[in-house]
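Trainee: Residue 18 in the numbering used here sits at position 18 of the sequence shown; the count goes up by one each step and never skips.
Ideal Cβ placement from N, Cα and C applies to all residues, glycine included.
Pasting a structure below so you can have a look.
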Amino acid sequence: MGDPAGIGGELTIRAWHALRRTGPTFIALDDPDRLAVIARNLGLETPIRTVGAAGECVDDALCVLPVVLKGPSRPGRPDPANAPCVIASIERAVSLATAGQVGGVVTNPISKATLYGAGFAFPGHTEFLGHLTGISHAPVMMLVCPYMRVVPVTIHVSLRDAISRLTTDAIVAADALSAQFGIAQPRLAVAGLNPHAGEGGALGTDEADIIVPAIARLRQAGIDVSGPYPPDTMFTQAARPTYDAAICMYHDQALIPLKTLDMTNGVNVTLGLPIVRTSPDHGTAFDIAGVGRADPASLIAAIRLAAELSAHRRGDA
Numbered sequence: 001m002g003d004p005a006g007i008g009g010e011l012t013i014r015a016w017h018a019l020r021r022t023g024p025t026f027i028a029l030d031d032p033d034r035l036a037v038i039a040r041n042l043g044l045e046t047p048i049r050t051v052g053a054a055g056e057c058v059d060d061a062l063c064v065l066p067v068v069l070k071g072p073s074r075p076g077r078p079d080p081a082n083a084p085c086v087i088a089s090i091e092r093a094v095s096l097a098t099a100g101q102v103g104g105v106v107t108n109p110i111s112k113a114t115l116y117g118a119g120f121a122f123p124g125h126t127e128f129l130g131h132l133t134g135i136s137h138a139p140v141m142m143l144v145c146p147y148m149r150v151v152p153v154t155i156h157v158s159l160r161d162a163i164s165r166l167t168t169d170a171i172v173a174a175d176a177l178s179a180q181f182g183i184a185q186p187r188l189a190v191a192g193l194n195p196h197a198g199e200g201g202a203l204g205t206d207e208a209d210i211i212v213p214a215i216a217r218l219r220q221a222g223i224d225v226s227g228p229y230p231p232d233t234m235f236t237q238a239a240r241p242t243y244d245a246a247i248c249m250y251h252d253q254a255l256i257p258l259k260t261l262d263m264t265n266g267v268n269v270t271l272g273l274p275i276v277r278t279s280p281d282h283g284t285a286f287d288i289a290g291v292g293r294a295d296p297a298s299l300i301a302a303i304r305l306a307a308e309l310s311a312h313r314r315g316d317a
């Protein structure tokens, strides 16, 4: 569902119209009455069918497993009263994927601030999904677009905390590409933390103390990995084709180049989960909710990628 005051409902409807003839097929976990109102406001004739299970899905209607809102949904005006429904939609989607009834989970954008007001105890989607799936390690966030894949080692923390939390173990754990994407021998490029990757220690010793040991451990495990590279040159047009994914030290180091190159088609993928999970690489966009301007490209890309990753997991890609 995502936050019902955001653009998620509009994206869901537009994605169904874009994929209805080609697939992949998806099911919305949302309030069917809310989606019907949004479709009418958009002027898009959208047959909506309420279903009780994933197996009841049909091709000629937008199938909805109902998650009924507690209060009215007003575009651009998030309501903490609906936060439990947002959380419930995530929990139910994960349950379906864990049971093998669906191929994966695609999450519309949530408003973390709204959920925090309702007692949500997790920094974001990624950490909540790790909790729901019962994994003992921290899940890894990867951002994907047609031009690149990037993995931030630290995610939703301040820059000061990101630096203090950077460890060799965390960098090693960021490698999960081969299992998820079916790449037999992925090539990883590791970014430095400091300008010029530390300039041989003149601009910082984090590379020598933390990053180089991580690269050595990955090589010992048989991973094709190189670096650390100066972050200001490793995302150039000439550099990007030399690796399959870039491991970056903090959130913005990874997301700025990706969103600069192609924010429209960016997709967030959670690595290290026992299920497939993707999401659009943008927020709730409260400022344009309800005005019919939301671009569904990132959600469509997220749905397509979820189907692709699900196929890799099944071994029939």
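1. Below 6 Å CB to CB, which residues in the same chain sit around Pro280 once its five sequence neighbours on both sides are set aside?
2. Buried or exposed, going by whether 16 or more other CB atoms sit within 10 Å of the CB of Pro72?
3. Let me know the secondary structure DSSP gives Arg40 once reduced to three states.
4. What did DSSP end up calling Gly130 once you bin it into helix, strand or coil?
5. Terminal residues of the continuous alpha helix (DSSP H) containing Tyr116?
6. Is there contact here, the region 240–247 with the region 102–121, by at least three beta-carbon pairs under 8 Å?
7. Should the region 260–274 be regarded as contacting the region 123–131, the criterion being three or more beta carbon pairs within less than 8 Å?
8. Ends of the beta strand (DSSP E) at Ser226?
9. DSSP three-state label for Pro152, please.
10. Apart from the five residues just before and just after Pro47, which ones in its own chain have a Cβ nearer than 6 Å to its Cβ?
11. At 3 residues or longer, and completely inside the region 197–254: list those beta strand (DSSP E) runs for me, N to C.
12. Looking at C-alpha atoms only, which residue of Pro230, Thr50, Ser226, Thr168 is the closest neighbour of Gly201?
13. According to DSSP, what are the bridge partners of Ile48?
14. How should Pro123 be labelled, buried or exposed, when 16 other C-beta atoms within 10 angstroms of its C-beta is the threshold for buried?
15. Considering only C-alpha positions, which residue in the set Gly8, Ile7, Phe26 is nearest to Trp16?
16. Find out if the Cβ-Cβ distance for the pair Val190, Val225 is shorter than 8 Å.
17. Between which residues of its own chain and Gly266 is the CB-CB distance below 8 Å, once the five residues before and five after are set aside?
18. Quickly, what does DSSP pair Cys268 with across the bridge? List them, please.
19. Tell me the DSSP secondary structure of Asp3 in three-state form.
20. Using C-beta distances below 7 Å, list every residue in its chain close to Ala88, excluding the 5 sequence neighbours before and after it, in chain order.
21. In the DSSP output, which residue or residues are listed as bridge partners for Arg77?
22. Cα separation between His170 and Val153?
23. Tell me which residue opens and which closes the beta strand (DSSP E) that Leu188 is part of.
Mentor: According to the structure data:
1. Ser298, Leu299, Ala302
2. exposed
3. helix
4. helix
5. 112–117
6. no
7. yes
8. 224–229
9. strand
10. Ala61
11. 224–229, 245–248
12. Pro230
13. Leu62
14. exposed
15. Phe26
16. yes
17. Leu143, Val144, Cys145, Leu258, Lys259, Pro280, Asp281, His282, Ser298, Ala301
18. The sequence given here places Asn at residue 268; Cys does not occur at that position. According to DSSP, Asn268 bridges with Leu143, Ser279.
19. coil
20. Val67
21. Arg74
22. What sits at residue 170 in the sequence shown is Ala, not His. About 6 Å.
23. 187–191
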